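Per my numbering, the sequence shown starts with residue 371, numbered consecutively. Built from N, CA and C at the ideal position, the CB exists for glycine as well. The structure presented is a predicted model; accordingly, all values stated were derived computationally and were not measured. Comments concern the structure below.
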Amino acid sequence: MRIMNDVIDLKAKLREEVWRRMEEYEIATAPRPCYGKIPSFLGSRVAAMKLVRRSFFREAEVIYSTPDLPQRHVREAALQAGKTLIMATPFFRGGFLVVDGTNVPKRRWSYAATLRGAAIYGRRVRLPEGLKIDVFLVGSVAVDEKGGRLGRGDGLHDLEYAVLRELRLVDDETIVATTVHDVQIVEGIPMLYHDVPVDYIATPRRIIKAESYHRKPRGVFWDLVDSELMNRMPILKVLAGIV
Numbered sequence: 371m372r373i374m375n376d377v378i379d380l381k382a383k384l385r386e387e388v389w390r391r392m393e394e395y396e397i398a399t400a401p402r403p404c405y406g407k408i409p410s411f412l413g414s415r416v417a418a419m420k421l422v423r424r425s426f427f428r429e430a431e432v433i434y435s436t437p438d439l440p441q442r443h444v445r446e447a448a449l450q451a452g453k454t455l456i457m458a459t460p461f462f463r464g465g466f467l468v469v470d471g472t473n474v475p476k477r478r479w480s481y482a483a484t485l486r487g488a489a490i491y492g493r494r495v496r497l498p499e500g501l502k503i504d505v506f507l508v509g510s511v512a513v514d515e516k517g518g519r520l521g522r523g524d525g526l527h528d529l530e531y532a533v534l535r536e537l538r539l540v541d542d543e544t545i546v547a548t549t550v551h552d553v554q555i556v557e558g559i560p561m562l563y564h565d566v567p568v569d570y571i572a573t574p575r576r577i578i579k580a581e582s583y584h585r586k587p588r589g590v591f592w593d594l595v596d597s598e599l600m601n602r603m604p605i606l607k608v609l610a611g612i613v
């Protein structure tokens, strides 16, 4: 338990340091201040373009994305390329939004890359059956070059991945990618067994293929799920066979 607490404390310190840097150097963009958020950053579009030019992205047919603002440019590019974009509604309460890029008007790609726009231009489904996700795009507070990743600290994006794993929509071959500013790259992020590592990191200056030795979680770790979380995220009850 002490080791776990030490890891949690170190993660919190790393997040605070990144948020502080982004505010102090005025790298963070609206909404500010960026504390407690997946921070938007100067150069996010440039980082996105570095990512979407990679062969794994060009060849992908289905992109899943967390709805974070800095990754909006990647989602927009996916729709522009005619790919299928999947996003989850908050806590999966409204199921999933599936957007076929070929059905989105040219001038609405940017809007359709938001949750609100996806609800208009996509279809809402309880479960995205019959699809295989090629790329899992996730927002990050900090990453390291070995694939370690930090989110906001609530664990929700890790749980999002775990749910998709339980639904057999992602597997070990699914590419996990993120876009960040260079100041969000740190050293020695401690990873716990339920944390999701990244395979590719794109910044405004470069793209990194992480040589990760971290194992991707293979589903939900039920010892971390309590009744309160199940009530907030009812899909967990379905996966647990309670309803």
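Beta-carbon to beta-carbon, A448 and G471 are separated by about 6 Å, close enough to satisfy the 8 Å threshold. In the displayed model, M600 falls within a helix according to three-state DSSP. Here K586 is buried: its Cβ has 16 or more other Cβ atoms, across all protein chains shown, within 10 Å. Setting aside the 5 residues that flank it on each side, V469 is surrounded in the same chain by L455, A482, A488, Y491 and G492, each with a C-beta closer than 6 Å to its C-beta; the list follows chain order.
Excluding the 5 residues flanking it on each side, T544 has same chain C-beta neighbours closer than 6 Å at I503 and F506, in chain order.
Per DSSP, the continuous alpha helix (DSSP H) segment holding A417 begins and ends at S414 to V422. Apart from sequence neighbours up to five positions away, the residues of its chain that approach P409 with a beta-carbon distance below 6 Å are M392 and A398, ordered along the chain.
Taking 4 residues as the minimum length, the alpha helix (DSSP H) runs contained wholly in the segment 426-465 are 442-450, in order along the chain. If you check the CB distance, G465 and R486 do not come in under 8 Å. For V553, there is no enclosing alpha helix (DSSP H), since its DSSP letter is neither H nor E. With a beta-carbon spacing of about 18 Å, V556 and L412 fall beyond the 8 Å limit used to define contacts. With the rule of 3 Cβ pairs closer than 8 Å, the segment 548-555 does not count as touching the segment 599-608. Cβ-Cβ distances below 7 Å link V595 to L606 in the same chain, with the five nearest sequence neighbours on each side left out; the list follows chain order.
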